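Trainee:
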Amino acid sequence: MAILIDERSRVLVQGITGREGAFHAARMRAAGTNLVAGVSPGKGGQTVEGTPVFDAVAPAVAATGADVAVLFVPARFARDAMIEAADAGIRLVVCVTEGIPVRDMAEVTAHLPRRGALLVGPNGPGLITPRRCSAGIMPADVFTPGAVGLVSRSGTLTYEVVHELTMAGIGQSTVVGMGGDPIHGVGFLECLELFEADDETAAIVLIGEIGGQGEERAAAFVREHVSKPVVAYIAGFGAPPGKRMGHAGAIVEGSSGTAAEKKAALEAAGIPVAPAPADVVPLLQAQLERRRSP
Amino acid sequence: MAILIDERSRVLVQGITGREGAFHAARMRAAGTNLVAGVSPGKGGQTVEGTPVFDAVAPAVAATGADVAVLFVPARFARDAMIEAADAGIRLVVCVTEGIPVRDMAEVTAHLPRRGALLVGPNGPGLITPRRCSAGIMPADVFTPGAVGLVSRSGTLTYEVVHELTMAGIGQSTVVGMGGDPIHGVGFLECLELFEADDETAAIVLIGEIGGQGEERAAAFVREHVSKPVVAYIAGFGAPPGKRMGHAGAIVEGSSGTAAEKKAALEAAGIPVAPAPADVVPLLQAQLERRRSP
Amino acid sequence: MDLLEHTGKSLFASAGLPVLPSRVARSPAEAQVAAAELRLPVVVKAQVKTGGRGKAGGVRVCATDGEAAAAAADILGMTIRGHAVSCVLVEQAVEIARELYLAISSARTHRVPMLIFSAEGGVDVEEVARRNPGALVRTPVDPLLGLCDYQVRDVVAAAGLGPELAGPDGTPAKQALAGAVRALWRLYRDSDATLCEVNPLVVTATGELVCLDSKVTIDDNALFRHADLKAEAHAAKEDREARAHEAGLSFVALDGDIGVLGNGAGLVMSTIDQIAAAGGAAADFCDIGGGARAEVVAAALDVILSMEAVSVLLVSIFGGITRCDEVARGLVQVLGHAGVDVPVVVRLDGNAAAEGRALLADAGIPGLTVAPSAGEAVRLAVAGAAAPAGPDARREG
Amino acid sequence: MDLLEHTGKSLFASAGLPVLPSRVARSPAEAQVAAAELRLPVVVKAQVKTGGRGKAGGVRVCATDGEAAAAAADILGMTIRGHAVSCVLVEQAVEIARELYLAISSARTHRVPMLIFSAEGGVDVEEVARRNPGALVRTPVDPLLGLCDYQVRDVVAAAGLGPELAGPDGTPAKQALAGAVRALWRLYRDSDATLCEVNPLVVTATGELVCLDSKVTIDDNALFRHADLKAEAHAAKEDREARAHEAGLSFVALDGDIGVLGNGAGLVMSTIDQIAAAGGAAADFCDIGGGARAEVVAAALDVILSMEAVSVLLVSIFGGITRCDEVARGLVQVLGHAGVDVPVVVRLDGNAAAEGRALLADAGIPGLTVAPSAGEAVRLAVAGAAAPAGPDARREG
């Protein structure tokens, strides 16, 4: 049944009357998403291409049963919008916004579990279960339904890898872009656990990059808890220490968080690491092959 | 196995070098409690009647495996002490302190669930599982082991009712004094649920008083979820509206929270309400009798 | 602790909430000076900690300073619902275009502060909830997060203030309302309030937002954080309650004639209930607390016996932490001396009850009876109150 | 954004943290005046956003104002680890009795700020953790609760300051330390810092607690809340980075000769890695972000081509949100004009890739090659960089 979202998800867009919000709401609907509501303070009562707009999240949830919220809200208002969604009973909050202050994200990630809400993002493309639901800004036409679960810290690298998978006839169950910020919601561990438990997922791809210890912890988790084949790709071998490489979280601090360390940790856990994005495909095929003929 | 505490509970006393703390630590130990540690900032390394004293809760938990903390800490320091206990991994925090500011309690009761900690109190006598563990200030010699679970908003009324039970040969599984403050930890509902699930508890006594809606909600809960016989006593029929009767939470606000309302709600749920504390015994005996001979 | 309107309003002003220029006056002359200093007309308002002052004639609009003096003369010295008026607030009057309601209150069932707003002020909030739910906002404020912007937006949306509505300085009324909600929350939190109510919060004919009244209750338990309000707290207590509080007692005066003293709020309430069930009436609620010493018992007796209505005293102790012998010592200390002419019924059970009973027997206090049980003690006390007070009656009791 | 020591210290002072009297000087003359105004001796310190200034000779103790001028003359104009020294801090000197370490830092793995204290200052915290764990406190600060008193007590206990230790004003050093920890937390939170470090925090010979150095990093994303720090943020950026930032680009200069431009941080990092794997070296990291318009592409080219080392340009786009035809338009806009003399390799895939490739083919830009895949693009760029730059090499590439 894929992970986190599927055709039963009832999606709400916060900031739907904005340029970005309206654009991506239309794209999500086109990608098969059950888009039930929009929220824009002061615009309640309007509709955007048939989707009813509400002044606030709580009345939108009450009226439409929305359980997933996708935010297209400027960075300085994102904290409030995420808290509003969680307080209104939204189960999964997806935030694509880049540049949210660290303090705001610390408060949000401390608060959301109190309401039982999960977060995907911020500073990422959201997530997609191909043809069934897209919650975010992933280009749906690159994706195709199938049995590979993918979780990634990078948007474009995800599209690139998925493009290769699709070209090779390998479809995806759910693809999660966890976002490039140091403080984020759902990460490698949560997705690995969900993919491992998901009947529709047969293999898993991790896309990592420099910074933090997420890949190392993912490697340890795979060793202990994951029976399905896992393949990885890591970016940032050439990144100089102390420089943020585009993503706020993509930084080698001191000698910690390097791509080489991550690669070593993954390989030590038996996870092959592709030298280039396109190499994920043969590695994955080899892994699946090996499983099929023991 | 009683509820919340038993002989396996490892109890720590915060404020053990104070007058109150030392006195009640000794009484708890005499009541069969496995008292493993004390905490008093600046007094680490001392012992109080053989109990090791630590500067802070975290090292005490690390060294002794304490899982229950009983606080003897002045009201203005109670917020910090409860948070410290929960942050250190204490499972059950018992606070007898009276007069803690409402804002502090709002913060504490919002925070403790984030650490998975339960609170008993404040402004109450704590709880006791007779002969096995006493976490608080209940006079242990009034209690005797048995099969009646009791939860109460009043300390002395509890002793009075338990005294009658004990005199009548009816022992207690666990007795919980939830405290007289409007914002408190474990209440009627939590105890009812635990008593219902507890093999050692055969019947339940509720002792309520004016103020709030706890008794009304307890009545509704009993109707839905409790199969064991329940008997109640309510104090405060003669309390004038708008006056706090000793406990911060014991106040009839407008026409809400009266004893008459609570009695009606309990009786409507099939729970007999005793006219005086001593009458709890015959009511309980009648209930148990009826169950025995259907 | 409830604050008077003018104290609440000075807190409002410090917190950035819009209030009108005003002066406190304790005499007609002061009221006249105040009115002359303000822009006329003014409103003269009784400062009492109770509602209903308008109906009682405690609020008057005055067109001249002379009228203000006359109004103050009338109002000062009034007693409204039992509260003597010792000062008035002289406040500049405004023309009201709309009345709103705004409050933050500690909500017991939610364990958190509740923000309440109604686009219809001056009426019952429950009624608005029924009749026009869109005009009402009731939203809990998370104690760890504080007030969130989305909650402020909910209030502003419910208010339905048009974008054209703006004060003389050009501040849109919507924005002023958002600011007021935030300011009220800060005040509530920073002053450890359990209630901050603005009723009515008005939009004036010129588009300004103004707090016309203030009702603020401060958490007594938090006064250690508010040295500035502590003095007021002390002044606010009535004399007998202040004495009781000083001695560490919980004390509430009631209407009957049986003085009641016990340990534990529940036990004392229960005793009062049993007195009523037996046909009597308690004169007070007095809880000496857990582990009280002889001096506290003596202080409690002192307070109770100072009430003229008391015709019999019932002492009911169940010793848990409290030692019954300590209580007995306190009883002997006060009752052993002259001047106590009411019969006393004592019930001692629990911790050191035997020792306590022995002490009382040894003291041989005339008019003091030791009852064998709580129920019997109540019966004796009610009988004693009903009987004419006299040496014989006492001994029989 | 890292702050210079003196800016951090003025924040410290406003937050109530103890700092020594000091003056900023931008010339030897200013340093002399500053030293004369302060109590001698003074310390003259290079103001640079890097460590190791002591070893580099950037810190000097001066007994007279003349010495201070001479020290400033030496230090101003130094370059320490690539950072030019444009000002010095002249600060009153103190006699140090003990050195401590205190910091609050955003701890990624905990998603919350981490309070770090070591009773041994000036040394590596990890080493203290191994050698003397009792001297080290590392405790996460809950973002919703804030710093708790028990955490402050942990720090004070670890410091092991005797009760006899007190400053000239009688403030016990323990109490001063507790105050400093609370003040540092308030500063961290209120200024949206991601790092507030005091190393060393010293106890002076007279028992006073003083912050001898300051290291403060402010969250760039939160600068909208800190108008006062915004100007500094702007001044702090190097010229090229500032231009890139202004245009909405993420840009980092690297050591190689292959200019890289792509959409998405991961994709660009991946491209750089693949260049290295193929034996080349990237000259930069440049991410035009998602959905970039032609103008942004043009601005990015502008920045990259201004770097002298660039001998070939590799553009790698995978169009998700980004439209490849928009990127192609930007390329044509800049490269279609004169003055660009490096070969360019372009890879376009995904959203509107065919349209983009067609646009490039139509433009017929000399020296521009469209590669059929990402891997091939990297191969071509590395080959192009290795080959001598010339018209023939370009056409072959």
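Chains as they are written, first to last, in this note's numbering: chain A, 8 to 301; chain B, 8 to 301; chain C, -14 to 382; chain D, -14 to 382. Ideal Cβ placement from N, Cα and C applies to all residues, glycine included. Computed from a prediction, not measured in an experiment: that's the story for all the values here.
1) At what residues does the beta strand (DSSP E) containing T189 (chain C) begin and finish?
2) From V109 (chain A) to V166 (chain D), what distance separates their C-alpha atoms?
3) Report the three-state DSSP secondary structure of A227 (chain A) (helix, strand or coil).
4) Which residues, in chain order, does the region 160 to 181 of chain D contribute to contact with chain A at a C-beta distance below 8 Å?
5) Buried or exposed: H170 (chain A), going by 16 or more other Cβ atoms within 10 Å of its Cβ?
6) Name the chain B residues that come within less than 7 Å of F209 (chain C), Cβ to Cβ?
7) Counting contacts by CB-CB distance shorter than 7 Å, is A371 (chain C) in contact with chain A?
8) With DSSP run on the structure shown, which of helix, strand or coil describes R174 (chain C)?
9) Grab me the residues of G256 (chain B)'s own chain with a C-beta within less than 7 Å of its C-beta, minus the 5 sequence neighbours each way, in chain order.
10) I'd like to know whether the C-beta of A63 (chain B) is nearer than 7 Å to at least one C-beta of chain D.
11) How big is the Cα-Cα spacing for A33 (chain A) and G51 (chain A)?
12) If you drop the 5 nearest sequence neighbours on each side, which residues of the same chain put their C-beta closer than 6 Å to that of D334 (chain C)?
13) Can you tell me the Cα-Cα spacing of T136 (chain B) and V155 (chain B), whole angstroms?
14) Locate the alpha helix (DSSP H) running through C309 (chain D), then write down its first and last residues.
15) Among C:V33, C:R8, C:R38, C:A41, which residue has its Cα nearest to the Cα of L25 (chain C)?
16) Report yes if the C-beta distance between I243 (chain C) and A268 (chain C) is below 7 Å; otherwise report no.
17) With K200 (chain D) as the anchor, note down where its beta strand (DSSP E) starts and where it stops.
18) How about P248 (chain B): is its C-beta nearer than 7 Å to some C-beta of chain C?
19) Do E84 (chain D) and P153 (chain D) have their C-beta atoms within less than 7 Å of each other?
20) Cα separation between G1 (chain D) and A168 (chain D)?
21) Taking Cβ positions only, does P128 (chain C) come closer than 7 Å to chain B?
22) Would A366 (chain C) pass as a contact of L290 (chain C) if the rule is Cβ separation under 7 Å?
23) Please report the straight-line C-alpha distance between V75 (chain C) and E105 (chain C), rounded to a whole angstrom.
24) Between C:V73, C:G155, C:R308, which lies nearest to A31 (chain C) when the distance is taken from Cα to Cα?
25) Return the chain-ordered list of same chain residues with a C-beta closer than 6 Å to the C-beta of L146 (chain C), the five sequence neighbours on each side being excluded.
26) Does the separation of the CB atoms of T151 (chain B) and S159 (chain B) fall below 7 Å?
27) Output yes or no for whether 7 Å exceeds the beta carbon distance between P82 (chain D) and V28 (chain D).
28) Tell me, please, whether the CB atom of V97 (chain D) is closer than 7 Å to any CB atom in chain A?
29) Could you tell me the alpha carbon to alpha carbon distance between R115 (chain D) and E52 (chain D), rounded to whole angstroms?
30) Using a cut-off of 7 Å between C-beta atoms, extract the partners of D87 (chain B) located in chain D.
31) Relative to the C-alpha of G96 (chain A), which candidate in A:P81, A:R17, A:A285, A:E56 has its C-alpha closest?
32) Is R26 (chain A) buried or exposed, if buried means 16 or more other CB atoms sit within 10 Å of its CB?
33) For a contact defined as C-beta to C-beta under 8 Å, what are the partners of R138 (chain D) on chain B?
34) Taking 6 Å as the cut-off, does the CB of A190 (chain D) come closer than this to any heavy atom belonging to the ligand COA?
35) Which residues share a DSSP beta bridge with K30 (chain D)?
36) Does any C-beta atom of chain C lie closer than 7 Å to the C-beta of G192 (chain B)?
Mentor: Reading from the atomic positions:
1) 178 to 189
2) 21 Å
3) Correct three-state label for A227 (chain A): helix.
4) R174, D177, T179
5) buried
6) R83
7) no
8) helix
9) G187, D188, P189, G218, G219
10) Closer than 7 Å: yes.
11) 19 Å
12) Setting aside the 5 residues that flank it on each side, D334 (chain C) is surrounded in the same chain by F303, each with a C-beta closer than 6 Å to its C-beta; the list follows chain order.
13) Rounded to whole angstroms, T136 (chain B) to V155 (chain B) spans 11 Å at the Cα level.
14) 309 to 320
15) C:R8
16) yes
17) Its beta strand (DSSP E) spans residues 200 to 203.
18) Answer no: the Cβ-Cβ gap between P248 (chain B) and chain C never drops below 7 Å.
19) Contact: no.
20) Roughly 6 Å between the two C-alpha positions.
21) Interface residue, yes.
22) no
23) 26 Å
24) When each option's Cα is compared against that of A31 (chain C), the closest is C:V73.
25) A158, K159
26) no
27) Sequence check: residue 82 (chain D) is Ala here, not Pro. In this structure, V28 (chain D) does not lie closer than 7 Å to A82 (chain D) by Cβ.
28) yes
29) 42 Å
30) Correct list: C133, D134, Y135.
31) The shortest C-alpha to C-alpha distance from G96 (chain A) to any of A:P81, A:R17, A:A285, A:E56 is the one to A:R17.
32) exposed
33) P48, D62, A63
34) With respect to the ligand COA, the structure shown offers nothing to examine, as it has no ligands at all.
35) D:V44, D:L74
36) no
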